[in-house]
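Trainee:
Residue numbers (the working numbering): 984 to 1115.
1) Taking contact to mean at least 3 C-beta pairs separated by less than 8 Å, is the segment 1033 to 1043 in contact with the segment 1074 to 1085?
2) When you compare the segment 1048 to 1060 with the segment 1068 to 1081, are there three or more beta-carbon pairs, one atom per stretch, that lie closer than 8 Å?
3) Is it the case that the Cβ atoms of residue 1055 and residue 1071 are separated by a distance below 7 Å?
4) Please report the residue range of the alpha helix (DSSP H) in which residue 1007 lies.
5) Between the C-alpha atoms of residue 1009 and residue 1018, what's the straight-line distance to the nearest angstrom?
6) Whether or not the segment 1103 to 1111 and the segment 1061 to 1069 are in contact is what I'm after, with contact meaning three or more pairs of Cβ atoms, one per stretch, closer than 8 Å; do they touch?
7) Return the bridge partner residues of residue 985 from the DSSP annotation.
8) For residue 1027, I'd like the list of residues in its chain whose CB is within less than 7 Å of its CB, leaving aside the five on either flank, ordered along the chain.
9) Who are residue 1103's beta bridge partners in DSSP?
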């Protein structure tokens, strides 16, 4: 698929996808005869991993590291048990970091909802007084 379809499916801008290409996080699997970038489902899946990591504060280097680990785990290469365990350990570390970030975001969301409710209450009080 071309970059426009990938952008629509991933909800990422063309510019963002090109940036991820420039940084080496996602390389289009092919180019059309006209030079257009062509992406596969695997490329879209990589972009979705990146899209999910970004709001959790992961750096491009961390994204690259996780993608490298998962690529090697999913690859056809035969990994010995020790190497596989090291790679799984890296993935576990990212899972733990993601879980910690999710917990922090939940706290922030509760605080934000509380703040919005406080403002609604305040507005309701002022509206009641103004109508009297």
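By construction, the Cβ of each residue, glycine as well, lies at the ideal position given by its N, Cα and C atoms. In this text, all values refer to a predicted model and were calculated from it rather than measured experimentally.
Mentor: In short, the structure shows the following:
1) yes
2) yes
3) By one-based count along the chain shown, residue 1055 stands at place 72. By one-based count along the chain shown, residue 1071 stands at place 88. In this structure, residue 1071 does not lie closer than 7 Å to residue 1055 by Cβ.
4) Indexing the chain shown from 1 puts residue 1007 at position 24. First-last for residue 1007: undefined, no H or E at that position.
5) Stepping through the chain shown from its first residue, residue 1009 is reached at position 26. Stepping through the chain shown from its first residue, residue 1018 is reached at position 35. Cα to Cα, residue 1009 sits roughly 17 Å from residue 1018.
6) no
7) Along the chain shown, one-based indexing puts residue 985 at 2. DSSP lists 1021 as partners of residue 985.
8) Numbered from 1 along the chain shown, position 44 holds the residue referred to as residue 1027. Result list for residue 1027: 989, 992, 993, in chain order.
9) Here residue 1103 corresponds to residue number 120 of the chain shown, with the count starting at 1. Note: residue 1103 sits in no beta bridge, so no partner.
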